[in-house]
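Quick note on full-length UniProt numbering: the sequence shown kicks off at 1 and runs consecutively.
For every residue, glycine included, the Cβ atom is placed at its ideal position computed from N, Cα and C.
Given the structure is predicted, the values throughout are model-derived calculations rather than measurements.
Report on one structure; see the data block that follows.
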Amino acid sequence: MDQHLIVFKEVAQRKNFSRAAKELHMSQPAVSQYIAALEKELGVRLLERSNKFVELNRAGEIVYQYAQKILRNYDQMRILVSDLENEPSGQLKIGASYTIGEYVLPRFLAKLQEEFPNIIPTVTIGNTEDIGAKLVQHEIDIGLVEGNFTHHQVSTRQFATDEMYIIAGTGQSFKEEACISIKDLENETWIIREEGSGTRKMLEDFFQRSNLEPKRILTFGSTQTIKEGVESGLGISLLSNLTFKKEQKLKKIQRIFVEGTPIKRKFSIIKNYHEFQPKALQVFENLVKQEA
C-alpha cells in the first residue's frame with residue numbers, strides 16, 4: 001500500500017507532524033519527507049504549516065478525501081481476500097438507533113459472540129438519521145434502525161415489526177385498557193424525542209393523522225429520560241412496547257389505548273451497496289434476520 005497516503009492521512013487527521021509520527025512509529029523528519037515527496041509528485045502544496053499545527057488547503061482536502069477512499073478500499077480488499085480461506089473474523093462496526101441499540105441489539109451480540117467469537121463488534125448508538133449518516137460516510141459497516149432512512153447508496157431490508165403505544169404514569173388520571181379519545185390528549189404535556197429520531201417521526205405522523213395539536217411539548221434526548229418523565233407524571237409520550245415492559249410490570253407506567261394505536265413500524269437493516277461483502281457482515285446480517 002502507498003505509504004505516502006497513509007502518512008498524509010495521519011498528518012491531516014492529527015494536524016501535527018509530531019503526533020502523526022508518534023502514531024505511525026516514525027521519526028518526524030521521515031514524516032516530513034513523505035509529505036514533501038507526495039507534494040512533489042502531485043506538483044502542488046497540500047498543507048499550510050505553522051509552528052504549532054498544519055491545515056489542509058483546498059488541494060489537500062481533495063487528496064484527503066480520495067486517500068480515505070483508497071485506503072478504505074484497500075482494507076476492504078484485504079478482508080475479502082482473507083475471507084476466501086478463513087472463518088469470519090475481525091472488527092465489525094455496527095450502528096443502531098436508540099430503541100434497537102438499547103433493547104434488541106444486546107441479544108444479537110450475545111448470539112454473535114457465542115457462534116463467531118473471532119468477530120469483534122464495536123457499537124455506535126444514535127438516532128436514525130445519525131446512524132444513516134455514519135453509514136453513508138463509511139464510519140460503520142451496517143446499521144439497524146427504526147423508521148425510514150433513504151439514500152441512493154444505501155439498501156434497506158426490514159427484519160422486524162415494532163408496536164408503539166401512548167403511555168402515561170400510573171398516577172395520572174387514565175385507566176389502563178380504557179379507550180381514550182384523541183381530543184382528551186390535546187391538553188396533555190407530550191414528551192418527545194429530538195429531531196432525527198425515528199420515534200419522534202412516528203409521533204409527528206400520528207399527530208398529523210389525528211389532527212392533534214398538543215398545547216405543550218417537551219423534547220428529551222433519550223428514551224430513558226422520557227420514561228422517567230412519564231413515571232413522575234410530567235407528561236405522556238409514545239414509545240415502543242419494547243422499552244417500557246419492566247416499568248409496566250412494576251406498575252410505574254401504563255399504556256393508554258387511543259384510536260389508531262398501537263402504531264406499527266418497521267425495524268430495518270441498512271447497509272451500503274457493495275458487490276462484495278465481508279463474511280463478518282454477512283453472518284451478522286443473517287443472525288439478525290434469524291433471531292428477529
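- For R216, which residues of its own chain have a beta-carbon under 6 Å away from its beta-carbon, when the five flanking residues on both sides are left out? Exclusion of the five residues before and after R216 leaves T189 as the residues of its chain whose Cβ lies within less than 6 Å of its Cβ.
- At which residues does the alpha helix (DSSP H) containing K40 begin and terminate? Q28 to L42
- Nearest-angstrom Cα distance between L239 and P117? 34 Å
- Query: Do you know whose CA, among K271, G101 and Q224, lies nearest H151's CA?
  - Reply: K271
- Have a look at S210 and I131 and give me their C-alpha separation to the nearest angstrom. 29 Å
- Message: For E41 and R78, what's the separation of their Cα atoms in angstroms?
- Response: 26 Å
- Message: Please report the distance separating the alpha-carbon of Q248 from that of I263.
- Response: Approximately 18 Å, taken between the alpha carbons.
- Task: Would you kindly check if the distance between the Cβ of I120 and the Cβ of I253 is under 8 Å?
- Result: Cβ atoms of I253 and I120: not closer than 8 Å.
- Task: Examine the Cβ distances between the stretch 7-19 and the stretch 53-71 and report whether three or more of them are shorter than 8 Å.
- Result: yes
- Which same chain residues, not among the five before or five after K251, have their C-beta less than 6 Å away from its C-beta? T170
- Got a sec, what are the start and stop residues for the beta strand (DSSP E) P106 sits in? Per DSSP, P106 belongs to no beta strand (DSSP E); it is in the alpha helix (DSSP H), L105 to E115.
- Query: Using the C-alpha atoms, what's the distance from S97 back to K52?
  - Reply: Rounded to whole angstroms, K52 to S97 spans 39 Å at the Cα level.
- Message: Any contact between the stretch 214-234 and the stretch 265-285? By contact I mean 3 or more CB pairs, one from each, below 8 Å.
- Response: no
- Can you tell which of F257, Q28 and I70 has its C-alpha closest to the C-alpha of I182? F257
- Query: Thinking C-alpha only, which one of N148, I192 and L185 is nearest L212?
  - Reply: For the options N148, I192 and L185, the alpha carbon positioned closest to that of L212 is the one of L185.
- What does DSSP give as the partner residues of A12 in its beta bridges? The partner list for A12 (beta bridge, DSSP) is empty, contrary to what the question assumes.
- Task: Could you have a look at K189 and say whether DSSP puts it in helix, strand or coil?
- Result: A small fix is needed here, since residue 189 is Thr in this sequence, not Lys. Correct three-state label for T189: strand.
- Query: Exposed or buried, which one is G143 when buried takes at least 16 other CB atoms within 10 Å?
  - Reply: So G143 ends up on the buried side.
- Query: What's the call for H4, buried or exposed, on a 16-neighbour Cβ count within 10 Å?
  - Reply: buried
- Query: Can you round the beta-carbon distance between S135 and G95 to whole angstroms, since I take them to be within the 8 Å contact cut?
  - Reply: Looking at the sequence shown, residue 135 is not Ser but Leu. The pair is a contact, with the Cβ atoms about 6 Å apart (cut-off 8 Å).
- Taking only runs of the beta strand (DSSP E) that begin and end inside the stretch 120-200, which ones reach a length of at least 3 residues, in chain order? 142-146, 154-169 and 189-192
- Assign G229 to one of three DSSP states: helix, strand, or coil. If DSSP states are grouped into helix, strand and coil, G229 belongs with the helices.
- Task: Look at the alpha carbon of F284 and the alpha carbon of R49, and state the distance between them as a whole number of angstroms.
- Result: 45 Å
- Do you know offhand how far I125's Cα is from P106's? 12 Å
- Short Cβ contact (8 Å threshold) for V54 with V31: no
- Message: Once DSSP output is grouped into helix, strand and coil, what is the label at L24?
- Response: helix
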